[in-house]
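Protein chains: 2
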Amino acid sequence: MSPEPISFTPIGYVRSAYGDTAEIPKGLGATHVAEGFLEIRPDLEPGLADIDGFSHLVVLWVFHRVEGYQLAVTPPNDDRPHGVFATRFPGRPNPIGLTNVELIRREGNRLYVRGLDMLDGTPILDIKPYLSSIPEAKLRRGWLAESEARNKAKE
Amino acid sequence: MSPEPISFTPIGYVRSAYGDTAEIPKGLGATHVAEGFLEIRPDLEPGLADIDGFSHLVVLWVFHRVEGYQLAVTPPNDDRPHGVFATRFPGRPNPIGLTNVELIRREGNRLYVRGLDMLDGTPILDIKPYLSSIPEAKLRRGWLAESEARNKAKE
């Protein structure tokens, strides 16, 4: 395997109230209800046609303030290390973030959304319709479920 | 907005039975049950620790055979054009694919999974645990639901 770098150009930027990562609720169990908008490049606005029909969107974006990565990370809601691919830690080999947001409305090249967890100015790579869910009953959530159980026992 | 390109290096490659896109079930309603494995770069294997505890993973990858993009596309299961960001069409401004797969088992740097819809040799950008679902009752699926209803009426 001799991987070649692949280059992407942002399709737009996140406009949120978060100016500092310390303001963003952290950890896998955190709830995100912040509102803001996704400002898409004017030349790409025709690509948003019909997006209003979807209630939820998947946003792919860049952790643009992160440099370097770790392979073993200890998440904020746990006290032991896990492989970075078993977490959503920002300092990953390719610092790409994924957020599911609720689409409130579209105004031209702006998508007003709820559920942001990105800094203001975050570069957006792609937006896709959120289509279907894996039933909760079929999900296993590994160390996260164990960590939640431990934290609950401490309460 | 003056976007700067951002460069990523694949963390590994998809190993699937699909040698040609014609073999892959298409359209937003398609069901994917193909098995195969995600071969992660040996230097990144420590990043897979504890991933076995999760039943489902989100895989971000590159439509590596696609060149260029369209802003208005007519999907295989519909007869009218939609904005590319309201579809999962490959020829998008940043040709990044997203697939939710079921993790069967891990063997070293190989993640055996079910639900692949990528070509053999597809570069992988990132892997994340699939954590929670938006309840189906809360989802609106825009033109896709309308298209499904029209197709059903034709049967």
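Sequence order for the protein chains is A and B. For the first sequence, this note's numbering assigns the number 1 to the initial residue and increments by one for each residue that follows. For the second sequence, this note's numbering assigns the number 156 to the initial residue and increments by one for each residue that follows. Yeah, the Cβ is synthetic: ideal placement off N, Cα and C, and Gly gets one too.
Measure the alpha-carbon distance for residue i versus residue j and round it to whole angstroms.
i: Phe63 of chain A; j: Val84 of chain A; result: 15 Å
i: Pro17 of chain A; j: Arg114 of chain A; result: Before going on, a small fix: residue 17 of chain A reads as Ala here, not Pro. Each residue's Cα considered, the two are about 12 Å apart.
i: Arg305 of chain B; j: Arg235 of chain B; result: 12 Å
i: Lys26 of chain A; j: Val73 of chain A; result: 14 Å
i: Ala145 of chain A; j: Gly208 of chain B; result: 9 Å
i: Leu280 of chain B; j: Pro197 of chain B; result: 15 Å
i: Gly19 of chain A; j: Phe192 of chain B; result: 40 Å
i: Gly223 of chain B; j: Pro250 of chain B; result: 9 Å
i: Trp143 of chain A; j: Asp205 of chain B; result: 7 Å
i: Val214 of chain B; j: Asp120 of chain A; result: 26 Å
i: His237 of chain B; j: Tyr267 of chain B; result: 35 Å
i: Leu71 of chain A; j: Met118 of chain A; result: 22 Å
i: Glu289 of chain B; j: Pro135 of chain A; result: Reading off the sequence shown, one finds Ile at residue 289 of chain B, where the question assumed Glu. The alpha-carbon atoms of Ile289 of chain B and Pro135 of chain A are separated by roughly 9 Å.
i: Ala30 of chain A; j: Val66 of chain A; result: 20 Å
i: Pro248 of chain B; j: Glu4 of chain A; result: 19 Å
i: Lys152 of chain A; j: Ala22 of chain A; result: 24 Å
i: Lys309 of chain B; j: Ala137 of chain A; result: 34 Å
i: Gly246 of chain B; j: Gly91 of chain A; result: 29 Å
Beta-carbon within less than 6 Å of residue i's beta-carbon, same chain only, minus the 5 sequence neighbours each way: which residues are those?
i: Asp124 of chain B; result: No answer is possible for residue 124 of chain B: it lies beyond the span of chain B, which begins at 156 and ends at 310.
Which same chain residues end up closer than 7 Å to residue i when comparing Cβ atoms and leaving out the 5 residues on each side of it in sequence?
i: Pro123 of chain A; result: Pro10, Tyr13, Trp61, Val62 and His64
i: Glu39 of chain A; result: Gly12, Tyr13, Arg15, Asn109 and Arg110
i: Glu45 of chain A; result: Gly108 and Asn109
i: Phe89 of chain A; result: Val73 and Pro75
Quick one: list the residues of chain A neighbouring residue i, beta-carbon separation under 8 Å, in chain order.
i: Ser288 of chain B; result: Ser133, Ile134, Pro135, Glu136 and Leu139
Determine the burial state of residue i: buried for a count of at least 16 other Cβ atoms within 10 Å of its Cβ, exposed for fewer.
i: Gly97 of chain A; result: buried
i: Arg105 of chain A; result: exposed
i: Pro75 of chain A; result: buried
i: Gly202 of chain B; result: buried
i: Lys128 of chain A; result: buried
i: Val256 of chain B; result: buried
i: Thr242 of chain B; result: buried
Suppose contacts are defined by Cβ-Cβ distances below 8 Å. Is residue i in contact with residue j by that definition?
i: Leu131 of chain A; j: Arg296 of chain B; result: yes
i: Ser162 of chain B; j: Ile24 of chain A; result: no
i: Leu294 of chain B; j: His56 of chain A; result: yes
Could you work out which residues of chain B lie near residue i, taking near to mean beta carbons separated by less than 9 Å?
i: Tyr18 of chain A; result: Per Cβ cutoff of 9 Å: no residues; Tyr18 of chain A is ~19 Å from chain B at best.
i: Pro76 of chain A; result: Correct list: empty, because the minimum Cβ distance to chain B is about 15 Å.
i: Ala34 of chain A; result: By Cβ distance, chain B contributes nothing, its closest Cβ being about 17 Å from Ala34 of chain A, past 9 Å.
List, in order along the chain, the chain A residues whose C-beta lies closer than 7 Å to that of residue i?
i: His237 of chain B; result: Ala49 and Asp50
i: Val217 of chain B; result: Ile6
i: Ser166 of chain B; result: Looking at the sequence shown, residue 166 of chain B is not Ser but Ile. Neighbours of Ile166 of chain B on chain A, chain order: Pro93 and Asn94.
Which residues in chain A sit within 9 Å of residue i, going by Cβ to Cβ distance?
i: Gly297 of chain B; result: Asp50, Ile51, Asp52, Gly53, Phe54, Ser55 and Pro129
i: Ser162 of chain B; result: Pro5, Ile6, Ser7 and Phe8
Which chain B residues sit within Cβ distance under 7 Å of residue i?
i: Arg88 of chain A; result: Lys283
i: Ile24 of chain A; result: Those do not exist, as Ile24 of chain A stays about 17 Å from chain B at its closest Cβ, beyond 7 Å.
i: Leu125 of chain A; result: Asn249 and Ile251
i: Val58 of chain A; result: Leu253
i: Ala72 of chain A; result: Pro201 and Ala204
Return the chain-ordered list of same chain residues with a C-beta closer than 8 Å to the C-beta of residue i, the five sequence neighbours on each side being excluded.
i: Leu271 of chain B; result: Val169, Ser171, Tyr173, His187, Ala189, Glu190, Gly191, Thr254 and Val256
Going along chain B, which residues have a C-beta under 8 Å from residue i?
i: Phe37 of chain A; result: Within chain B, no residue comes near Phe37 of chain A; the closest Cβ sits about 14 Å away, beyond 8 Å.
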